[in-house]
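Per mature numbering (1 follows the signal peptide of the UniProt record, and there is no 0), the sequence shown runs over residues -24 to -1, 1 to 297.
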Amino acid sequence: MLNFKMFLPVICLILILSPAISYADESAVPSKVVKVVKGKKYCTKGWECSTPSVYCCNLTISDYFQTYQFENLFSKRNSPVAHAVGFWDYESFIHAAALFQPLGFGTTGNKTAQMLELSAFLGHVGAKTSCGYGVATGGPLAWGLCYNKEMSPNSIYCDDYYKLTYPCAPGVSYHGRGALPLYWNYNYGPVGEGLKQDLLNHPEYIEQNATLAFQAAIYQWMKPQKKGLPSAHDAFVGNWKPNKNDTEAKRVPGFGTTMNLLYGDSVCGQGDIDSMNIIISHYLNYLDLLGVGREEAGPNEVLSCAEQKVFNPSYTPSTSS
């Protein structure tokens, strides 16, 4: 019979040399800690949901969205002809999302609702960073995350109207960068403040760090673009309740209104135009690839913003060059 005591030194040595389990390790399964405060459950769950939140009592994003699914959605992003080869990856997205999961990003509702929001957000990302075209290998919807910045900007996107609040830094260009491309000093400024990054003086940080690039995109999704308006997140998950004016303007909770909030009349209120349909097509394709199915996207009046009156009609900012 084996004597257990003779193996103790070896066992102890193995335990000492073994690396500690990290929550960043996809194979690790963090335990959920539940606390009840005034009858309401608040949970934490490893590194993805380290801040106590009611949303962290639900699945976290890595519970239902894995590396292989990210690869399926963005299968051509590292093709030799892509413009941001090696930049975007699953780990950067998951670590960026961890900042917002306690706030409900991808953690609101049941599993289907969570996957719908993830598909909606990534549908915007895919459409806005795609270099796909009609006969592209893999199809035009396979080329999301091809870019991480605007390749040939024709402006530095500096609006002097905001010189007291978000003054343009000398020699700096505020052209499009990121997963939901940021433009203009008046957008880089507040997003930088929200993420505690000096993006006003260093907008190039976004094209140098994929986690920050995803964080800037999720921040735009979670934060209202203007006081008095819902965030794209709230409009999508149903936290926003339309008032009489919204109803008359044909604005309803769902994907269509997220386009209205993020892009205004460059996409919405223009009828059945390509710029809108491209975004919708990415969303529906991602629903299919994730196994949710495009039938879960809802009727056309929820999916589209073709007939919606926009929240913020556009104007032409002054441009410095």
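C-beta: ideal position from N, C-alpha, C; glycine also.
Since this is a predicted model, take the numbers as computed values, not measurements.
Checklist entry - By DSSP, does Lys17 sit in helix, in strand, or in coil? => result strand
Next on the checklist: Would Ala96 and Tyr239 be called neighbours here (beta carbons separated by less than 9 Å)?
Outcome noted: no
Checklist entry - Which residue's Cα is closest to the Cα of Ser290: Phe63, Asn236, Val268? => result Asn236
Item to check | Opening and closing residue of the alpha helix (DSSP H) in which Thr88 lies | outcome: 87 to 104
Next on the checklist: For Asn124, count the other beta carbons within 10 Å of its own beta carbon; 16 or more makes it buried, fewer makes it exposed. Which is it?
Outcome noted: buried
Checklist entry - How about the region 60 to 78 and the region 31 to 45: do they share at least three Cβ pairs that are nearer than 8 Å? => result By the Cβ criterion, the region 60 to 78 is in contact with the region 31 to 45, since at least three pairs of Cβ atoms, one from each stretch, lie closer than 8 Å.
Checklist entry - Below 8 Å, can you find three or more Cβ-Cβ pairs linking the region 59 to 70 to the region 174 to 191? => result With the cut-off at 8 Å, the region 59 to 70 and the region 174 to 191 touch.
Checklist entry - What span of residues does the beta strand (DSSP E) with Ser251 cover, start to end? => result First-last for Ser251: 250 to 265, but that is the alpha helix (DSSP H), not the beta strand (DSSP E).
Item to check | Cβ neighbours of Tyr181 in the same chain (closer than 7 Å, five flanking residues each side left out) | outcome: Gln173, Leu175, Leu188
Checklist entry - For the putative contact between Gly102 and Tyr262, defined by C-beta atoms under 8 Å, what is the C-beta separation to the nearest angstrom? => result 7 Å
Next on the checklist: Taking only three categories from DSSP, how would you classify Leu238?
Outcome noted: helix
Checklist entry - Between which two residues does the alpha helix (DSSP H) carrying Pro166 extend? => result 161 to 171 is the span of the alpha helix (DSSP H), which, as asked, contains Pro166.
Checklist entry - Rounded to a whole number of angstroms, what is the C-alpha to C-alpha distance between Leu205 and Asn215? => result 12 Å
Item to check | Entirely enclosed alpha helix (DSSP H) segments - the region 44 to 73, minimum 4 residues | outcome: 66 to 73
Next on the checklist: The beta strand (DSSP E) that contains Ser29, what's its start and end?
Outcome noted: 25 to 29
Item to check | Option in Gly247, Pro143, Glu126, Ala155 with minimal Cα separation from Pro166 | outcome: Pro143
Checklist entry - Looking only at C-alpha atoms, which of Glu47, Leu117, Leu94, Ser51 sits nearest to Tyr197? => result In the sequence on display, residue 197 carries Trp and not Tyr. Answer by Cα proximity: Leu94.
Next on the checklist: For a quick check, are the C-beta atoms of Ile132 and Thr83 less than 9 Å apart?
Outcome noted: no
Checklist entry - What residues are listed by DSSP as bridge partners for Lys11? => result The secondary-structure analysis by DSSP pairs Lys11 across a beta bridge with Tyr18.
Next on the checklist: Restricting to Cα atoms, I'd like to know which of Asn86, Ala155, Lys199 is closest to Phe190.
Outcome noted: Ala155
Checklist entry - With DSSP run on the structure shown, which of helix, strand or coil describes Lys125? => result strand
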